[in-house]
Amino acid sequence: MSLLFISISGSLGAISRYLLSKRYPFKQFPTTTLLINLSGCFLFGFWLGWIGFQTPPAHPFTTGFLGGYTTFSTFSVEIINLLEKKDLKRAIFYLFASIFGGMVSWAIGYGLARMST
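Be aware that the sequence shown starts at 1344, since it is given in our numbering, and climbs by one per residue.
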C-alpha cells in the first residue's frame, strides 16, 4: 500500500512541476526550476522539523511528492544549456544558487518547523 501512495504522490509532484514550468517557462534564466527545487528543499526541511527524523525516509510526501516535484536532471540540463550558450556567469550562479540555496532553504524550513512544535 505504501508503494501505491508513493507512486500517486510522485505523480502529483511531477504534475505540479510540469504545470509550474508551463506557466512560467524558462527564458534567459531557469528561475522556475530554481524556485521549484528551493521550495522542495524548504518543504522537506519543514517536514522533517515537524515530524522528526524517526520517520522512515520512504514516505509518500518526501519520496513521492517532493521526489516528483523537485528535479536534479532538469537542473543539470539547464546548466549544460547555459554553458552551451557560453553564459558562464549565469551557469555558475545557477549552480551555486541551487546547491547553497537548497541547503539554506532546507535549514529555514527545518528551523521554522522546530520553532512551531
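Cβ coordinates follow ideal geometry from the N, Cα and C atoms, glycine included.
Cβ pair residue i, residue j closer than 8 Å
i, j, result
"Ser1352", "Gly1407", "yes"
"Thr1405", "Asn1380", "no"
"Trp1393", "Ala1450", "no"
"Gly1411", "Ser1448", "no"
"Ser1364", "Thr1374", "no"
"Gly1356", "Leu1426", "no"
"Leu1378", "Ser1441", "no"
Under the three-state DSSP convention, the category residue i falls into
i, result
"Tyr1412", "helix"
"Phe1383", "Contrary to the premise, residue 1383 reads as Gly rather than Phe in this sequence. Helix."
"Phe1337", "Any answer about residue 1337 is impossible in this case: the structure gives the chain only from 1344 up to 1460."
"Ser1436", "A small correction: the amino acid at residue 1436 is Phe; Ser does not occupy that position in the sequence shown. Reduced to three states, the DSSP call for Phe1436 is helix."
"Phe1452", "Per the sequence shown, residue 1452 should be read as Gly rather than Phe. Reduced to three states, the DSSP call for Gly1452 is helix."
"Tyr1361", "helix"
"Gly1392", "helix"
"Thr1417", "helix"
Neighbourhood of residue i by C-beta distance below 7 Å, restricted to the same chain and skipping five residues each side
i, result
"Ile1422", "Ala1434, Tyr1437, Leu1438"
Same chain, Cβ closer than 8 Å to residue i, neighbours up to 5 away in sequence not counted
i, result
"Thr1460", "Gly1392, Trp1393"
Nonlocal neighbours in the same chain, by C-beta distance under 6 Å from residue i, ignoring five residues either side
i, result
"Phe1348", "Pro1403"
Under 8 Å, with one C-beta from each stretch per pair, do the segment 1384-1396 and the segment 1419-1437 reach the 3-pair mark? no
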